[in-house]
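What follows is one structure encoded as structure tokens, with my remarks underneath.
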Amino acid sequence: MLANSSALAAGRRHSVGRRWDGTVLAVGNTSAAECRVERWEDVVAVAAGNVHTATNTGGSHTVGLRSDGTVLATGWNGDGQCDVAGWRGVTAVAAGWRRTLGLLANGRVLAVGRSSEGQCDVQSWREMVVLSCGDWHSVGVRSDGSALAAGNNRRRQCAVEGWHDLAAISAGYLHTVGLRADGRAVATGDRATGACEVDEWEDVVALDAGSYHTVGVTASRRVLAAGDNSYGQCEVGDWRDIVAVAAGSTHTLGLRANGTVVTAGNNADRQCEVDAWSGVQPP
148 MLANSSALAA
158 GRRHSVGRRW
168 DGTVLAVGNT
178 SAAECRVERW
188 EDVVAVAAGN
198 VHTATNTGGS
208 HTVGLRSDGT
218 VLATGWNGDG
228 QCDVAGWRGV
238 TAVAAGWRRT
248 LGLLANGRVL
258 AVGRSSEGQC
268 DVQSWREMVV
278 LSCGDWHSVG
288 VRSDGSALAA
298 GNNRRRQCAV
308 EGWHDLAAIS
318 AGYLHTVGLR
328 ADGRAVATGD
338 RATGACEVDE
348 WEDVVALDAG
358 SYHTVGVTAS
368 RRVLAAGDNS
378 YGQCEVGDWR
388 DIVAVAAGST
398 HTLGLRANGT
408 VVTAGNNADR
418 QCEVDAWSGV
428 QPP
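All residue numbers for the sequence shown refer to this note's numbering, where the first residue is 148 and numbers rise by one.
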């Protein structure tokens with residue numbers, strides 16, 4: 148679920164941060180080795196496989212884009228979602244449930260992992276500039292500001308064909324949110340949780356979709372949130388000086404301008420224990 152910052156990513160039960168020197172930090176669940184990033188170097192962007200909270204979605208994976216356009220991956224690889232060692236010329240990465248996407252410099256897209264819902268059917272995509280993975284669907288922004296989507300559309304989470312003037316996009320569990328160039332947000336998909344209630348948002352500069360919630364950063368560096376708040380993941384009203392956000396399944400991360408990170412929400416797997424982090428920033 149990537150539409151926020153290449154320096155910060157939130158997974159199902161873990162959190163990842165890219166430091167100024169190209170190294171990577173990770174905390175949270177380690178059962179699938181998704182936090183085994185201590186030897187990574189020269190990383191310019193990170194992504195975390197984020198999935199909805201369910202008994203069969205505990206495993207996750209982490210992806211890192213290196214400065215030379217190669218890609219690193221660690222964690223659960225049950226569907227080959229970590230088989231990215233041969234990728235070259237990649238400029239951005241996105242991670243979802245059981246899959247990974249890579250954006251090439253020519254605007255085309257690579258995909259590995261689970262494809263049974265059509266979420267990896269991106270071979271025909273062209274002129275892409277932004278990518279994001281949800282649970283069962285994938286979305287992207289083209290150079291002309293339009294959007295494409297592939298995968299499960301049972302809640303109309305892929306109904307983005309009318310969107311235009313987009314600067315960013317993010318896919319959640321059963322919803323998708325987009326950021327327009329004018330700072331307004333748009334959303335489609337399951338509205339039952341309130342995660343799509345972003346119509347009144349203004350002056351947004353970054354956003355991210357979690358499983359059942361959506362968060363956004365404003366030009367004044369404050370944070371907006373909509374959707375499920377069962378774990379306190381939307382308790383971000385008092386955050387200040389935030390430059391990027393990442394929404395996990397039931398937790399939220401905020402990157403301060405000084406390189407430290409704040410959190411809200413579920414900490415059952417210690418995914419919110421980032422107090423010691425410093426120097427987190429995009430390249």
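Note that beta-carbon positions come from the ideal geometry of N, C-alpha and C, so glycine has one too.
Nearest-angstrom beta carbon gap, residue j and residue i [assumed within contact, 8 Å]
i       : j       : result
Arg-255 : Trp-272 : 7 Å
Ala-179 : Gly-211 : Actually they do not touch by this definition, with Cβ atoms about 16 Å apart.
Ala-192 : Val-269 : Contact flag wrong, Cβ pair sits at about 18 Å.
Leu-321 : Gly-336 : 5 Å
Val-362 : Val-351 : Going by Cβ atoms, the distance from Val-362 to Val-351 rounds to 10 Å, so no, they are not a contact pair.
Glu-349 : Arg-368 : Wrong, their Cβ atoms sit about 14 Å apart, outside the cutoff.
Residue i: first and last residue of the uninterrupted beta strand (DSSP E) it sits in
i       : result
Cys-343 : Careful: Cys-343 lies outside any beta strand (DSSP E) and carries neither H nor E.
Ala-297 : 294-298
Ser-279 : 275-280
Leu-321 : Counting along the chain, Leu-321 falls outside any beta strand (DSSP E), and DSSP gives it neither H nor E.
Thr-407 : Taken as a continuous stretch (DSSP letters only), Thr-407 belongs to no beta strand (DSSP E), as it is neither H nor E.
Thr-335 : 332-336
Val-447 : Look at the range of the chain in this structure, 148 to 430, and you will see that residue 447 is not part of it.
Val-370 : 370-374
Val-218 : 218-222
Beta-carbon proximity of residue i to residue j, cut-off 8 Å
i       : j       : result
Ala-242 : Gln-266 : no
Arg-312 : Ala-294 : It is worth fixing the name first, because residue 312 is Asp in this sequence and not Arg. Result no, Cβ atoms of Asp-312 and Ala-294 do not sit closer than 8 Å.
Asp-385 : His-161 : no
Ala-393 : Ala-157 : yes
Gly-357 : Gly-325 : no
Leu-250 : Val-237 : yes
Asp-282 : Trp-244 : yes
Gly-401 : Val-427 : no
Thr-217 : Thr-209 : no
Thr-170 : Glu-188 : yes
Ala-195 : Val-184 : no
His-360 : Cys-343 : no
Residue(s) in a DSSP beta bridge with residue i
i       : result
Asp-355 : Val-362
Arg-166 : Val-427
Arg-246 : Gly-243, Gly-260
His-398 : Gly-412
Val-190 : Arg-213
Ala-180 : DSSP lists no partner for Ala-180.
Val-307 : Bridge partners of Val-307: none, in fact.
Glu-200 : Before going further, note that residue 200 is Thr rather than Glu in the sequence given. According to DSSP, which records beta bridges pairwise, Thr-200 is partnered with nothing at all.
Arg-289 : Met-275
Gly-175 : His-161
Val-421 : Paired residues: none, contrary to the question.
Ala-195 : Thr-209
Environment of residue i [buried if 16+ CB atoms lie within 10 Å]
i       : result
Glu-308 : exposed
Asp-422 : exposed
Ala-391 : buried
Thr-247 : buried
Asp-291 : exposed
Gly-260 : buried
Arg-165 : buried
Gly-175 : buried
Asn-151 : Below a pLDDT of 50, predicted positions are generally treated as unreliable, and Asn-151, at 44, falls in that range; the measurement from the model is reported next regardless. When all chains shown are included, Asn-151 counts as buried.
Leu-149 : With a pLDDT of 41 at Leu-149, under the threshold of 50, the modelled position of that residue is not reliable, and no figure is offered here.
Arg-387 : exposed
Cys-419 : buried
Asn-253 : exposed
Ser-263 : exposed
Trp-124 : This structure gives no information on residue 124, because the portion of the chain shown stretches from 148 to 430.
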